[in-house]
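Sequences listed follow chains A and B, in order.
Read left to right, the first sequence gives residues 0 to 405 (numbering that gives the first Met the number 0).
Read left to right, the second sequence gives residues 0 to 240 (numbering that gives the first Met the number 0).
Quick reminder that beta carbons are idealized off the backbone N, C-alpha and C, glycines included.
Structure, as structure tokens:
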Amino acid sequence: MVIADLRALRWTAAAIVTLVALAVAIGVSIGAQERALRQASARAADDFDLLIGAPGSQTQLVMSAIYLQPEALPLVDGRLLNELARDPRVAAVAPLAFGDIARGHPVIGTTLAFASRWGRLQPSEGRLFAREGEAVLGADVTYKLGDKIEPSHAIAGHWPKRGVADAEEASHRHEGHAYVAVGRLPRLGSPFDRAILVSVESVWAVHGLGNGHAGEDAALGPPFDGQRIPGVPALVVKPRAVADAYALRARYRQGGTMAFFPAEVLVGLYRTLGDVGQVLSVASVLNAVLILAAIFLLLVAVTGLRRRRYAVLRALGAPPAYVLLVVWLGMAGLVAAGCLAGLGLGAAATLAVSGLFEAQTGLRLSFALGSAELGQVGLILLLGSLAALIPAALSYRRSITAGLRG
Amino acid sequence: MPASTVSERLASAAQPLHFSGIEVDHRDGDGRPFRVLDIPDFKVPPGALIGLRGPSGSGKTSLLHLAAGFFLPDAGSIRWGDVAVSALPGAARDRWRRETVGFVFQDFHLVPELDVLANITLPASFSGWRQTSDQVARATTLAGRMGLTDLRRRAAVLSRGEQQRVAIARALFNAPALILADEPTASLDPAHAAEVGSLLVEVARESGATLLCASHDPVLLARMQQVAVIGDGPLILKVAA
Chain A
0 MVIADLRALR
10 WTAAAIVTLV
20 ALAVAIGVSI
30 GAQERALRQA
40 SARAADDFDL
50 LIGAPGSQTQ
60 LVMSAIYLQP
70 EALPLVDGRL
80 LNELARDPRV
90 AAVAPLAFGD
100 IARGHPVIGT
110 TLAFASRWGR
120 LQPSEGRLFA
130 REGEAVLGAD
140 VTYKLGDKIE
150 PSHAIAGHWP
160 KRGVADAEEA
170 SHRHEGHAYV
180 AVGRLPRLGS
190 PFDRAILVSV
200 ESVWAVHGLG
210 NGHAGEDAAL
220 GPPFDGQRIP
230 GVPALVVKPR
240 AVADAYALRA
250 RYRQGGTMAF
260 FPAEVLVGLY
270 RTLGDVGQVL
280 SVASVLNAVL
290 ILAAIFLLLV
300 AVTGLRRRRY
310 AVLRALGAPP
320 AYVLLVVWLG
330 MAGLVAAGCL
340 AGLGLGAAAT
350 LAVSGLFEAQ
360 TGLRLSFALG
370 SAELGQVGLI
380 LLLGSLAALI
390 PAALSYRRSI
400 TAGLRG
Chain B
0 MPASTVSERL
10 ASAAQPLHFS
20 GIEVDHRDGD
30 GRPFRVLDIP
40 DFKVPPGALI
50 GLRGPSGSGK
60 TSLLHLAAGF
70 FLPDAGSIRW
80 GDVAVSALPG
90 AARDRWRRET
100 VGFVFQDFHL
110 VPELDVLANI
120 TLPASFSGWR
130 QTSDQVARAT
140 TLAGRMGLTD
150 LRRRAAVLSR
160 GEQQRVAIAR
170 ALFNAPALIL
180 ADEPTASLDP
190 AHAAEVGSLL
200 VEVARESGAT
210 LLCASHDPVL
220 LARMQQVAVI
230 GDGPLILKVA
240 A
């Protein structure tokens, strides 16, 4: 009987399923997208406990150091490296020297310790750099092991295409310098997957600043015992304990540097994102309401036809519970089909948008359904199917004879 | 179910049908009320085969609808034995109808998306979603007697005559104690009409049910025990001509 009823609805049924699917898809993809963005961006900042840089925009430092957005940043005194290395509150410290690109990939100068993310990572191919002139590739870098990598000076405002050495890059090449790729890191799901990591000494050398050590063939990494230690845009610090973290932050907020937890900046960003998200949420709620209203109107429109059906069932002696159950099951089936289709549509849309986002920024977003989305879907299911009961219940107010006349 | 058991079961179930003080008013196009039915007293004995004759618009359909409890009169009551049908609340009236009445509509009112078998067994589906083999057997037999063979055809593709016969089979499916038929042979050619008319009377007689049949068909009316004429003075039963 339920199936017969649905077949009688014909195109109306298809319209209901489509409308519900759209409502659900929009709601789901907005929520899922926002969550994915938040989770991925937070994960990317995982290894960056404390950032120290020259005074300026904290947000810019985060965008450059963690998300590798190219910008010209002021430099912090290189001697800070040694000072922090000696500090008992510091478990580990590493410089981040960026500003070069090769085939559109950012070239980042750092220490072995940070390249392996404080010893957490093992290279998936080859090995980490052991000498000046050696490079370790991120998972998505288009070079192969053994390739020669020629760095160019990155220009602020120039957004290179990954894997392509365009004219802008070619015109700023550091002549006579090349790295050799000796290894590749496992996938991080962050913009660092498209970065080429080299020793900070190499970056200094390429820019004619010496290598920060006393001798030519000195071992890589701290201590930097050279006469002159060049500056770097950012220092990543791993504090020993939480209290140390706060102490370090306080200490380096003054005296020509700024220090902060990336989390602070991200929270601010998320708040903005959240505000946008709230506007979008309101929009999607309105959207769902509109669609439910449209469904209700559709049902009212076809109610004339259905009234006769209800009257016939009642004339045959069907109990009201039967009639209402048949109506509810039919609508619930349609709305459920719409919800499933919407979940699929929303997932597809989110994956598509995430893919585009990843291509631009290197940040890998994963799709996850939260309780908020599922709650929305459940609500639409409940309200949609209950809405269908109203015309059916109303038909009981008229006599069967009137209903049969249609 | 063997016919004898059915008639035993229903001999006690068929009750006298009593209309008393019935007044039914409608509003015409200008909103003025006019009387459709005025029946001070009309009794149908249990198990009787009664024909209803009268000009169009005389209220034959309304009378049948009242008997089935499809609507309530503006005044008066309808009793089925001890049960005051017109006094029952909606759901209770629906239940009484489910257990007691088989109605053949002038417009058939089949469910077009269901097939013949599903249409016939529709009343049984109210208490259980799946058709039992018992029900299927009963429906098949009934349909066979109506001359319907392919039970899997959708009601939407049947001819008027076939639809009429499905409607009658559906009305008889639950072996009701009160069979109400509104122009049951109107859409049939004379040969089929004769067949169906005799079947209707046969089944009613077998089960001892009361049959109240509104019709223009003289052949059908001739099969009835008694005929009442509506619209021509007070409603009284006369012997069929």
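For residue i, the nearest candidate out of the options (CA to CA)
{"i": "Ala136 of chain B", "options": "B:Gly75, B:Val165, B:Arg159 and B:Phe172", "result": "B:Phe172"}
{"i": "Ile399 of chain A", "options": "A:Glu372, A:Ala331, A:Arg313 and A:Gly377", "result": "A:Arg313"}
{"i": "Cys338 of chain A", "options": "A:Ala358, A:Arg308, A:Gln359 and A:Leu382", "result": "A:Leu382"}
{"i": "Lys22 of chain A", "options": "A:Leu49, A:Asp139, A:Val288 and A:Asp99", "result": "Inspection of the sequence shows that residue 22 of chain A is occupied by Ala rather than by Lys. Nearest C-alpha to Ala22 of chain A: A:Val288."}
{"i": "Phe125 of chain B", "options": "A:Pro221, A:Gly316 and A:Trp327", "result": "A:Gly316"}
{"i": "Asp216 of chain B", "options": "B:Ala190, B:Glu112 and B:Ile77", "result": "B:Ala190"}
{"i": "Ala401 of chain A", "options": "A:Leu350, A:Arg307, A:Gln226 and A:Thr349", "result": "A:Arg307"}
{"i": "Ala282 of chain A", "options": "A:Gly377, A:Ile294, A:Ser28 and A:Leu5", "result": "A:Ser28"}
{"i": "Val218 of chain B", "options": "B:Val103, B:Val195 and B:Ser206", "result": "B:Val195"}
{"i": "Ala134 of chain A", "options": "A:Glu174, A:Tyr178, A:Arg85 and A:Ile2", "result": "A:Tyr178"}
{"i": "Leu403 of chain A", "options": "B:Val110, B:Ala185 and B:Leu210", "result": "B:Val110"}
{"i": "Leu157 of chain B", "options": "B:Phe107, B:Ala185, B:Pro122 and B:Ala123", "result": "B:Phe107"}
{"i": "Tyr321 of chain A", "options": "A:Tyr395, A:Ala44, A:Leu74 and A:Met62", "result": "A:Tyr395"}
{"i": "Ile389 of chain A", "options": "A:Leu187, A:Ala292, A:Ala358 and A:Gln59", "result": "A:Ala292"}
{"i": "Leu268 of chain A", "options": "A:Ser353, A:Glu33, A:His212 and A:Gly118", "result": "A:Glu33"}
{"i": "Ala7 of chain A", "options": "B:Ala154, B:Asp29, B:Ala203 and B:Ala213", "result": "B:Ala154"}
Beta-carbon contacts of residue i that lie in its chain and below 8 angstroms, excluding the five residues immediately before and after
{"i": "Leu67 of chain A", "result": "Phe97, Pro105, Ile107, Pro190, Phe191, Arg193, Ala194 and Gly361"}
{"i": "Ser197 of chain B", "result": "Arg222"}
{"i": "Arg250 of chain A", "result": "Ala258"}
{"i": "Leu116 of chain B", "result": "Gln130, Val135, Ala138, Thr139, Ala142, Leu150 and Arg151"}
{"i": "Ser280 of chain A", "result": "Ile29 and Gly30"}
{"i": "Ile167 of chain B", "result": "Val103, Met145, Ala180, Pro183, Val195, Leu198 and Leu199"}
{"i": "Thr99 of chain B", "result": "Ala12, Trp79, Pro175, Ala176 and Leu177"}
{"i": "Gly160 of chain B", "result": "Ser186, Leu187, Asp188 and His191"}
Beta-carbon proximity of residue i to residue j, cut-off 8 angstroms
{"i": "Leu72 of chain A", "j": "Pro232 of chain A", "result": "yes"}
{"i": "Ile58 of chain B", "j": "Leu87 of chain B", "result": "Reading off the sequence, residue 58 of chain B comes out as Gly, not Ile. No; because the gap between Cβ atoms is not below 8 angstroms, this pair is not in contact."}
{"i": "Ile119 of chain B", "j": "Val165 of chain B", "result": "yes"}
{"i": "Met257 of chain A", "j": "Gly52 of chain A", "result": "yes"}
{"i": "Val205 of chain A", "j": "Pro150 of chain A", "result": "yes"}
{"i": "Asp48 of chain A", "j": "Val236 of chain A", "result": "yes"}
{"i": "Ala13 of chain A", "j": "Ala367 of chain A", "result": "no"}
{"i": "Leu80 of chain A", "j": "Pro221 of chain A", "result": "yes"}
{"i": "Asp274 of chain A", "j": "Val202 of chain A", "result": "no"}
{"i": "Ala386 of chain A", "j": "Leu323 of chain A", "result": "no"}
{"i": "Pro54 of chain B", "j": "Glu22 of chain B", "result": "no"}
{"i": "Gln105 of chain B", "j": "Glu205 of chain B", "result": "no"}
{"i": "Val264 of chain A", "j": "Gln38 of chain A", "result": "no"}
{"i": "Val376 of chain A", "j": "Leu350 of chain A", "result": "no"}
{"i": "Arg97 of chain B", "j": "Ala67 of chain B", "result": "no"}
Beta-carbon proximity list for residue i, same chain, < 6 angstroms, skipping 5 on both sides
{"i": "Leu83 of chain A", "result": "Val89 and Val92"}
{"i": "Thr4 of chain B", "result": "Unreliable positioning characterises Thr4 of chain B in this predicted model, as indicated by a pLDDT of 46, which lies under 50. A coordinate reading is not provided."}
{"i": "Gly101 of chain B", "result": "Ala170, Leu171, Pro175 and Ile178"}
{"i": "Phe18 of chain B", "result": "Ile38, Phe41 and Ile77"}
{"i": "Ile15 of chain A", "result": "Ile294 and Leu333"}
7 angstroms Cβ shell around residue i - same chain, five flanking residues per side excluded
{"i": "Pro15 of chain B", "result": "Lys42, Val43, Pro44, Pro45 and Gly80"}
{"i": "Ser115 of chain A", "result": "Leu127"}
{"i": "Glu124 of chain A", "result": "Leu144, Gly182 and Arg183"}
{"i": "Phe113 of chain A", "result": "Ala93 and Val235"}
{"i": "Pro238 of chain A", "result": "Asp48, Leu49, Arg88, Val89, Ala90, Ala244 and Leu247"}
{"i": "Trp10 of chain A", "result": "none"}
{"i": "Gly162 of chain A", "result": "Arg102, Gly103 and Thr141"}
{"i": "Leu120 of chain A", "result": "Leu184 and Pro185"}
For residue i: DSSP bridge partner residues
{"i": "Gln59 of chain A", "result": "Note: Gln59 of chain A sits in no beta bridge, so no partner."}
{"i": "Ser151 of chain A", "result": "A:Ile100 and A:Arg172"}
{"i": "Glu22 of chain B", "result": "B:Asp37 and B:Ala74"}
{"i": "Pro105 of chain A", "result": "A:Ile100"}
{"i": "Leu212 of chain B", "result": "Note that residue 212 of chain B corresponds to Cys in the displayed sequence, not to Leu. BP columns for Cys212 of chain B point to B:Gly50 and B:Ala180."}
{"i": "His206 of chain A", "result": "DSSP output for His206 of chain A lists no bridge partner at all."}
{"i": "His17 of chain B", "result": "B:Lys42 and B:Arg78"}
{"i": "Ser198 of chain A", "result": "A:Thr109"}
{"i": "Tyr178 of chain A", "result": "A:Ile148"}
{"i": "Leu324 of chain A", "result": "Its beta-bridge partners do not exist; DSSP assigns none."}
{"i": "Ala91 of chain A", "result": "A:Lys237"}
4 or more residues per run - each alpha helix (DSSP H) lying fully within the stretch 72–118 of chain B:
89–99
What residue ranges within the stretch 213–286 of chain A form continuous alpha helix (DSSP H) runs of no fewer than 4 residues, ordered along the chain?
241–250
Taking only runs of the beta strand (DSSP E) that begin and end inside the stretch 5–56 of chain A, which ones reach a length of at least 3 residues, in chain order?
49–52
Complete runs of the alpha helix (DSSP H) confined to the stretch 350–381 of chain A [at least 4 residues]:
none
Could you name each continuous alpha helix (DSSP H) segment of 4 residues or more that falls completely within the stretch 128–162 of chain B, going from the start of the chain to the end?
132–144
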